[in-house]
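Engineer:
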Amino acid sequence: MSAAASLHQLLVPNDNPSKASDRKHDVLPFVPLFTRLLHARESSDVPTDSRRTLKDLLHDQPDATLGKEYAVAFRQIASIDTIIQKAGSFDPSVFPDSDGDDHVALRRIEWTLGTLYVALESRREDSAHRLPWICGIANHSHVLELQCILHHALSSDWIPLSPPLVSLLLESSIGRTLLVGLVQNDPSAASSIVELVLLAMRRQVDVDTHMTLVAIADATTPHAVRRQCIVADFPYAAAVALDITCRLLHDTPVFLNGVMQGTKHATLWSVVTEALTQDPTTPFRRHTSAILGRVRLELQQALEAFLATKPVDVVAVLKAYCGLVGRGSLAVTDVECSLLFRVIGQECHRRRQDSGGGSSHSRFVQVAFTTIVLVCLSTLSQPVDAAATQVTKDARHLIGLLYTLDTSKSGSLFLITALLLYTKVCIP
1 MSAAASLHQL LVPNDNPSKA SDRKHDVLPF VPLFTRLLHA RESSDVPTDS
51 RRTLKDLLHD QPDATLGKEY AVAFRQIASI DTIIQKAGSF DPSVFPDSDG
101 DDHVALRRIE WTLGTLYVAL ESRREDSAHR LPWICGIANH SHVLELQCIL
151 HHALSSDWIP LSPPLVSLLL ESSIGRTLLV GLVQNDPSAA SSIVELVLLA
201 MRRQVDVDTH MTLVAIADAT TPHAVRRQCI VADFPYAAAV ALDITCRLLH
251 DTPVFLNGVM QGTKHATLWS VVTEALTQDP TTPFRRHTSA ILGRVRLELQ
301 QALEAFLATK PVDVVAVLKA YCGLVGRGSL AVTDVECSLL FRVIGQECHR
351 RRQDSGGGSS HSRFVQVAFT TIVLVCLSTL SQPVDAAATQ VTKDARHLIG
401 LLYTLDTSKS GSLFLITALL LYTKVCIP
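Here is the structure:
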C-alpha cells in the first residue's frame, strides 16, 4: 500500500476499526507528519474537523508526545541561519543528553542540523576530507527524533533534498530507516528520493543501497519505484527492479512480458544473461543469481498451479520462459522442461474440447510453438543423450497437437520443425 493510501485509510473512518494495538502500529510511521500538521500555524482554510481527526488519531499513540515536542520546538526557531552561525561549535561525537533539560528537543534540533550542515559543507569543499554524520552517535533509539527533525527541516526548506544529503544518509547506520521515514511522511518526495538513491548507487554500490530502494518501494508504490529503476538503465538498478518484482509484486510473468518488447531494456537482459550463464564469482553476480533463482521458482510455481487447475495466465507464463531462453540464454532444467511440456499438453487437450476458441487458440498455439522450439534449442545445445532424445520426441508430439488445434494457421512451418526435430532424434 502506498503512503498516500495509508494516510487516507488512517484518516477516513471505517465500519471495521482496527484493534488499538494495530492502530498504534499503523500510525507510528506518520508521527512526524501528523504532529507537524497538528502544530502548524493555523490557516483559515483548514477545517476544524481535520485537526480534531488528527488529535483523535494521535491520542493513543505514545510516540506522538515526542513528535509534538519537536513540532513545538521548531516554531521557536526563527530560521536555519541562527543554527548555521554556531554550527562549528557542536561536538559531532556527543548527541545532546536529555537528563534534566526542559529544552532538549530544541538542543537536539540545533545539534542535528548544525552537524548535518558541517558534514554537507565538507563534501562541497573537499571530497578528500568528507566528514561523516551521526555515525555511531545517534543510534536506532533516536530514529523517530531524527525523522521528526529532518521532516520539519525539509518541509520548511531549511535543507535541500540533494545528492549530498542522500549520500550522507546512506552512509549512516540508520540511513535506510531515515530515508524510508522521509518518504512515508512526504509521499510527494518519493520519486525524488528514489532518483537520488539511484544516483548514489551509480557511484558506489552495496547491498544496503539496494535494500534501501526495496524498502522505499515497500513503503510507497512498488510499480513506480520499479519503473524508475528500469528507466535508470544501469545494471545495479536493473537488479533492484528484478528484486522488487519477486519480493513485493509477484508479477514475474507480466513483468518479463513487458520488458521483452523489441530491443529495449538491453541492460536488464544483460544482467539476466550474466546471472544465468556465468559463475557467481563477484558479490553482484551472486546477488543477481539469487534473484534469478527466485524468478525461476515463481515461474515454476505458476506452472504447477496451472497443473493443479488453479487460474493462471498460461500464455503469459510461456512467454516469460520464451524471454528467459531467447534473451536471457536460460538453460532449461529437466524439471522446467517437464513442467512446460505437461502444461502445453494439458492446455491443448482442454482447448480441443472448447469449440469456441477462435483467436485465443491461435495466440496460444503461436506462443506454445515458440516455447517448444526454444526449449529444444536450449536442450540440444548440449551433447545429445537419452534425455535430450526424449525431449525432442515429446516436442514433436506436442507440435502435432498444436497443429491439429489450429490447422488453418499453423502452416508448413510446424511440419518443417517437426521434421528437423525428428532428424535430430535420429542422429547417433
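The opening residue of the sequence shown carries number 1 in UniProt numbering; numbering runs sequentially from there. Built from N, CA and C at the ideal position, the CB exists for glycine as well.
For the region 245 to 290, list the beta strand (DSSP E) runs that are entirely contained and at least 3 residues long, ordered along the chain.
Structural biologist: Entirely contained in the region 245 to 290, not one beta strand (DSSP E) run reaches 3 residues.
Engineer: Quick one: is Ala105 buried, meaning 16 or more other Cβ sit within 10 Å of its Cβ, or exposed?
Structural biologist: With 16 or more other Cβ atoms within 10 Å, it is buried.
Engineer: Alpha carbon to alpha carbon, how far is Gln61 from Gly136? Give it in angstroms, no decimals.
Structural biologist: Low per-residue confidence applies at Gly136: pLDDT is 48, beneath 50, and the placement is therefore not dependable, though the value from the model is reported in the following sentence. The straight-line gap from Cα to Cα measures roughly 28 Å.
Engineer: On the CB-based measure, 16 or more other CB atoms within 10 Å of its CB, does Leu303 come out buried or exposed?
Structural biologist: So Leu303 counts as buried.
Engineer: State yes or no: is the C-beta of Ala71 within less than 8 Å of the C-beta of Leu38?
Structural biologist: Against a cut-off of 8 Å, the Cβ pair of Leu38 and Ala71 comes out as a contact.
Engineer: Going by DSSP, what residue range makes up the alpha helix (DSSP H) through Pro160?
Structural biologist: Here Pro160 belongs to no alpha helix (DSSP H), and DSSP marks it neither H nor E.
Engineer: Reducing DSSP to helix, strand and coil, say where Gln61 ends up.
Structural biologist: In this structure, Gln61 counts as coil in the three-state DSSP scheme.
Engineer: Taking the alpha-carbon positions, what's the Ser173 to Lys68 distance?
Structural biologist: The straight-line gap from Cα to Cα measures roughly 26 Å.
Engineer: Thinking C-beta only, is Val375 closer than 8 Å to Leu348?
Structural biologist: The question names Leu, yet the displayed sequence has Cys at residue 348. Their beta carbons are not under 8 Å apart, which means Cys348 does not touch Val375 by this criterion.
Engineer: Take Ser405 and list the residues in its own chain whose beta-carbon comes closer than 7 Å to its own, dropping the five residues that flank it on each side.
Structural biologist: In the sequence on display, residue 405 carries Leu and not Ser. Taken in chain order, the residues that qualify are Cys348, Arg351, Arg352, His361, Val365.
Engineer: Taking its Cβ as the centre, do 16 or more other Cβ atoms sit within 10 Å of Ala386, making it buried, or is it exposed?
Structural biologist: With fewer than 16 other Cβ atoms within 10 Å, it is exposed.
Engineer: Could you tell me if Gly175 is buried or exposed, where buried requires 16 or more neighbouring beta carbons within 10 angstroms of its beta carbon?
Structural biologist: Gly175 should be labelled buried.
Engineer: Nearest to Val207 by CA position, among Gln390, His287, Leu307, Thr333, is which residue?
Structural biologist: Per the Cα distances, His287.
Engineer: Tell me which same chain residues have a C-beta within less than 6 Å of the C-beta of Val94, skipping the five on either side of it?
Structural biologist: There are no such residues.
Engineer: Given 8 Å as the limit, is there contact between the region 307 to 316 and the region 270 to 283, that is, 3 or more CB pairs closer than that?
Structural biologist: The region 307 to 316, when compared against the region 270 to 283, does not touch it at the 8 Å Cβ threshold.
Engineer: In angstroms with no decimal places, state the Cα-to-Cα distance between Ser329 and Gly293.
Structural biologist: Their Cα atoms are separated by approximately 14 Å.
Engineer: Thinking just about the alpha-carbon of each residue, which of Thr267, Trp269, Gln346, Leu248 is nearest to the one in Glu298?
Structural biologist: It is Leu248 whose Cα lies nearest to the Cα of Glu298.
Engineer: Residues in its own chain within less than 7 Å of Val343 by CB, not counting five upstream and five downstream?
Structural biologist: The answer, listed in chain order, is Leu303, Phe306, Leu307, Val314.
Engineer: What does the Cβ neighbour count give for Gln147, buried or exposed, with the cut at 16 atoms within 10 Å?
Structural biologist: The residue is buried, with at least 16 neighbouring Cβ atoms inside 10 Å.
Engineer: Between the C-alpha atoms of Arg285 and Trp133, what's the straight-line distance to the nearest angstrom?
Structural biologist: Cα to Cα, Arg285 sits roughly 31 Å from Trp133.
Engineer: Are the CB atoms of Val367 and Leu318 within a distance shorter than 8 Å?
Structural biologist: Cβ atoms of Leu318 and Val367: closer than 8 Å.
Engineer: Let's see if you can read the secondary structure: which residues bound the alpha helix (DSSP H) around Arg227?
Structural biologist: Unbroken alpha helix (DSSP H) run through Arg227: 222 to 232.
Engineer: Rounded to whole angstroms, what is the Cα-Cα separation between Trp158 and Phe30?
Structural biologist: Cα-Cα distance, rounded: 21 Å.
Engineer: Helix, strand or coil for Val367, going by three-state DSSP, please let me know.
Structural biologist: In the structure shown, Val367 sits in a helix (DSSP, three-state: H, G or I).
Engineer: Identify, in the order they occur along the chain, each residue of the same chain with its Cβ nearer than 6 Å to the Cβ of Cys229, setting aside the five sequence neighbours on each side.
Structural biologist: Within the same chain, Cys229 has close Cβ partners Ala237, Val240, Ala241.
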